[in-house]
Amino acid sequence: MKIGVPREVWPGECRVAASPANVKRLQKLGFSVVIEKGAGLAASFDDESYRSVGAEIIDDPATVWGHSDIIIKVRAPMEHPDLGTHEADLLREGGTLISFIWPGQEQALVDKLASRKATVLAMDCVPRITRAQKLDALSSMANIAGYRAVLEAAHHFGSFFTGQMTAAGKVPPARVLVVGAGVAGLSAIGAARGLGAIVRAFDTRPVVEEQVQSMGAEFLTIELEEDGTGSGGYAKQMSQAFIDAEHALFEQQAGEIDIIITTAVIPGKPAPLLITEQAVKNMKPGSVIVDLAAERGGNTAGAVADQVVQSHGVTIIGYTDLPSRMARVSSDLYGNNICHLLDDMGGAEEYRVDEDDEVVRGTLVLRDGEMKWPAQVKELPEEQMKAKGADPSDFVAKAAAEKKDHGPWMLLLIGLALIAVGWSGDSGFLHQVSVFVLSCFIGYQVVWNVSASLHTPLMSVTNAISGIIIVGGMLQMGGSLEEPATVLGVIA
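Now the structure itself:
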């Protein structure tokens, strides 16, 4: 199978869908790769770097589009400025396209692709589940955007981030407020803390408080209790009373803060207005606001997409291309996401669009021109219960009845088994069994007792720490790695 990588024609877009390193991975998966001439130049990948890893360089973009089985892109297809035709019309009949699509906002584009009998996979529709983290392009780009937002703020801010004590005088550290502690927000917190700033953060989802605090930032709260946790790891729209309380909090904080970075978006809706004009007025002259939601209307009063404006002495940055401003690493990570997707789909030899695969089904927009988006969400037991109008007590009673079916005999048998083990085994054997049981319990509590809403890219680190806790405990109880108790504990 042949993969085509055309040059991005969106104005100012510097990314490319595959770096030379990505091309090597695609070839290992069995694909041949063709690259449009100059496709990677803006991301610092020249044509020779692609040739050196075995890619074919083609001058004509129409040839790349028309002779490839799969086209991979960053931006959604648009009118080609050089050819005078829409990129969707360049896709061969029945071809496959993988890129950001935004099907909820681009119905005309989806219809145009459907007329080509295309199979379309949207990288912006990858489900936010643990198994799909490796191909979650939105998180990859948000991570870069959060980091770059801090750099842009530092560029426009007229002072240090870290505090300074010099012979000429003392300079206080910058105070940064991050609104929204998703992937972009956490990345911004880490970057600002790394530069020495004092960081505060706010999010409508209480579950992220621990993550914010673990990164050394202060988590701000309001007295009104309302959980903003929505589906797919995103926040949901809040009540007007909660929004009013947010405005009051930010207006009060604005007088103390030097830099505000806003990242709040709600899927399928305009960005909520969080930083009011009064909050902007309350900020000190020379302060900076970076609005990552400017493309969707902005979280800040006065923010303008793709522009830097001044309001009441405050610089408001509305750049919408922050990942593109770090094009080399953005292209590499985005290409990794696509490589993982194609690997999960079987590579070139066993390539198939498996609609029974939760990740593929969530990403699939069109299949041979047939609309497949949005994917049907599987109902959770609680949602099924609400849909049927059942009384929650019925489920509790049913669960209790099922437990009672075992009767006292199960507990009696377990007790007798434990007594038998105690009588028959020597002290060493009892020690090993005790360690095994305890490690099972600890492992279950530490790993599986984590809320599903925290299954973010940080989850892998959580699991690693959990393993360290368990193995450390085994070493304390067993004495060394060679002890049978330690081996049993690690297995558990």
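Take 105 as the starting number for the sequence shown in this note's numbering and just add one per residue. Positions of the beta carbon are idealized from the N, C-alpha and C atoms, including for glycine.
Residues bridged to residue 268 [DSSP beta-bridge criterion]: Within the sequence shown, residue 268 is the residue found at index 164, counting from 1. 275, per the DSSP bridge assignment.
Grab the span of the alpha helix (DSSP H) containing residue 448 for me, first residue to last. Counting from one through the sequence shown, the residue named residue 448 turns up at place 344. Here the alpha helix (DSSP H) through residue 448 covers 431-448.
Does the region 394-412 come within contact of the region 128-148, defined as at least 3 CB pairs closer than 8 Å? no
Is the CB-CB distance between residue 157 and residue 441 below 9 Å? As a position in the sequence shown, residue 157 is number 53, starting the count at 1. As a position in the sequence shown, residue 441 is number 337, starting the count at 1. No. Outside cutoff.
To the nearest angstrom, how far is it from the Cα of residue 408 to the Cα of residue 133? Residue 408 sits at position 304 when you count from the first residue of the sequence shown. Residue 133 sits at position 29 when you count from the first residue of the sequence shown. Whole-angstrom Cα-Cα distance: 43 Å.
Nearest-angstrom Cα separation, counted from residue 200 out to residue 169: On the sequence shown, position 65 is the one that residue 169 refers to. On the sequence shown, position 96 is the one that residue 200 refers to. Roughly 10 Å between the two C-alpha positions.
Going by alpha carbons, who is nearest to residue 455 out of 261, 130 and 346? Locating residue 455 in the sequence shown gives position 351, where the first residue counts as 1. Its Cα nearest to that of residue 455, the residue 130 stands out among 261, 130 and 346.
Where residue 186 and residue 204 are concerned, what is the direct C-alpha to C-alpha distance, given to the nearest angstrom? Taking the sequence shown and counting its residues from 1, one reaches residue 186 at position 82. Taking the sequence shown and counting its residues from 1, one reaches residue 204 at position 100. Those two C-alpha atoms are separated by around 22 Å.
Quick test of your reading: residue 112 and residue 178, contact by CB under 8 Å. State the CB separation rounded to the nearest angstrom. Translated into the one-based positions of the sequence shown, residue 112 becomes position 8. Translated into the one-based positions of the sequence shown, residue 178 becomes position 74. 6 Å between Cβ atoms; contact.
Going residue by residue through the region 203-283, where are the continuous alpha helix (DSSP H) segments of at least 4 residues, counting only ones entirely within it? As far as the region 203-283 is concerned, its whole alpha helix (DSSP H) runs of at least 4 residues are 211-219 and 241-260.
With a 10 Å radius around its C-beta and 16 neighbouring C-beta atoms as the bar for buried, classify residue 517 as buried or exposed. As a working mapping, residue 517 is identified with position 413 in the sequence shown. Exposed, by the Cβ-count rule.
Measuring CB atoms only, is the region 297-305 touching the region 376-384, in the sense that at least three cross pairs come out at less than 8 Å? Because the criterion of three Cβ pairs below 8 Å is not met, the region 297-305 and the region 376-384 do not touch.
With 16 other Cβ atoms within 10 Å as the buried cut-off, status of residue 329: Taking the sequence shown and counting its residues from 1, the one referred to as residue 329 is at position 225. By the neighbour-count rule (16 or more Cβ atoms within 10 Å), residue 329 is not buried but exposed.
Is the closest heavy atom of the ligand PLP to the C-beta of residue 131 under 8 Å? Of ligands this structure carries none, so the ligand PLP is not represented either.
What residue from 237, 196, 235 and 208 has the CA that sits closest to residue 217's CA? As a first step, residue 217 is located in the sequence shown; it is residue number 113 there, counting from the start. For residue 217, the nearest C-alpha among the options comes from 196.
Can you tell me which of the three DSSP states residue 480 falls into? Here residue 480 corresponds to residue number 376 of the sequence shown, with the count starting at 1. If DSSP states are grouped into helix, strand and coil, residue 480 belongs with coil.
Considering Cα atoms alone, identify which of 182, 293 and 223 is closest to residue 281. Your numbering for residue 281 matches position 177 in the sequence shown. For the residues 182, 293 and 223, the minimum Cα distance to residue 281 belongs to 293.
Which residue wins for smallest C-alpha separation from residue 416, given the options 358, 428, 471 and 315? Taking the sequence shown and counting its residues from 1, one reaches residue 416 at position 312. Cα-wise, what sits closest to residue 416 is 358.
Which residue from 541, 317, 413 and 174 puts its Cα closest to that of residue 472? Walking along the sequence shown from the start, residue 472 turns up at place 368. Looking at the Cα atoms, 174 is the closest of the given residues.
Hey, quick one: how far does the alpha helix (DSSP H) through residue 128 stretch, first residue to last? Here residue 128 corresponds to residue number 24 of the sequence shown, with the count starting at 1. Taken as a continuous stretch (DSSP letters only), the alpha helix (DSSP H) holding residue 128 covers 124-132.
Buried/exposed call for residue 164, threshold 16 Cβ in 10 Å: Mapped onto the sequence shown, residue 164 falls at position 60. With fewer than 16 other Cβ atoms within 10 Å, it is exposed.
To the nearest angstrom, how far is the alpha carbon of residue 423 from that of residue 410? In the sequence shown, counting from the first residue as 1, residue 423 sits at position 319. In the sequence shown, counting from the first residue as 1, residue 410 sits at position 306. Each residue's Cα considered, the two are about 4 Å apart.
Give me, in chain order, the residues of the same chain whose beta-carbon lies closer than 8 Å to that of residue 190; leave out the 5 immediate sequence neighbours on both sides. For the purposes of this step, residue 190 is taken as residue 86 along the sequence shown, with counting starting at 1. If we look at residue 190 and ignore the five residues flanking it on each side, its Cβ neighbours are 181, 182, 183, 184 and 216.
Output yes or no for whether 9 Å exceeds the beta carbon distance between residue 254 and residue 296. Sequence index remark: in the sequence shown, residue 254 carries index 150 (1-based). Sequence index remark: in the sequence shown, residue 296 carries index 192 (1-based). Cβ atoms of residue 254 and residue 296: closer than 9 Å.
What separation, rounded to the nearest whole angstrom, lies between the Cα atoms of residue 387 and residue 431? Walking along the sequence shown from the start, residue 387 turns up at place 283. Walking along the sequence shown from the start, residue 431 turns up at place 327. Cα-Cα distance, rounded: 33 Å.
Just to confirm my understanding: we take residue 389, look at its own chain, exclude 5 residues before and 5 after, and list those with CB closer than 6 Å. What are they? Along the sequence shown, one-based indexing puts residue 389 at 285. Excluding sequence neighbours, residue 389 sits near 417.
Please confirm whether residue 146 and residue 110 have their CB atoms less than 9 Å apart. As a position in the sequence shown, residue 146 is number 42, starting the count at 1. As a position in the sequence shown, residue 110 is number 6, starting the count at 1. It is not a contact, given that the beta carbons lie outside the stated cut-off.
Rounded to a whole number of angstroms, what is the C-alpha to C-alpha distance between residue 375 and residue 515? To locate residue 375, count along the sequence shown from 1; it is residue 271. To locate residue 515, count along the sequence shown from 1; it is residue 411. Using only the alpha carbons, I get a separation of about 55 Å.
Simplified DSSP state of residue 349, which is helix, strand or coil: What you label residue 349 is simply residue 245 of the sequence shown in a count that begins at 1. Assignment of residue 349 by DSSP, reduced to helix, strand and coil, places it in the helix class.
Count the other CB atoms within 10 Å of the CB of residue 269; is the residue buried (16 or more) or exposed (fewer)? As a first step, residue 269 is located in the sequence shown; it is residue number 165 there, counting from the start. Burial call: exposed.
Distance, Cα to Cα, residue 223 vs residue 172? Counting from 1 along the sequence shown, the entry for residue 223 is found at position 119. Counting from 1 along the sequence shown, the entry for residue 172 is found at position 68. Cα to Cα, residue 223 sits roughly 13 Å from residue 172.
Within-9 Å CB hit, residue 416 to chain D: Of the protein chains in this structure there is only one, and it is not chain D.
Which two residues bound the contiguous beta strand (DSSP E) that contains residue 291? The count along the sequence shown starts at 1 and reaches residue 291 at position 187. Taken as a continuous stretch (DSSP letters only), residue 291 belongs to no beta strand (DSSP E), being part of the alpha helix (DSSP H) at 287-298.
Quick one: give me the first and last residue of the alpha helix (DSSP H) that residue 467 is part of. For the purposes of this step, residue 467 is taken as the residue at position 363 of the sequence shown. 462-467 is the extent of the alpha helix (DSSP H) around residue 467.
Return the bridge partner residues of residue 135 from the DSSP annotation. Taking the first residue of the sequence shown as position 1, residue 135 is located at position 31. Answer is none; residue 135 lacks a bridge partner.
In chain order, what residues of the same chain have a beta carbon less than 6 Å from the beta carbon of residue 362, not counting five sequence neighbours either side? The sequence position of residue 362 within the sequence shown is 258, counting from 1. In the same chain as residue 362, and ignoring 5 residues on each side of it, the C-beta atoms closer than 6 Å to its own belong to 278, 279 and 391, in chain order.
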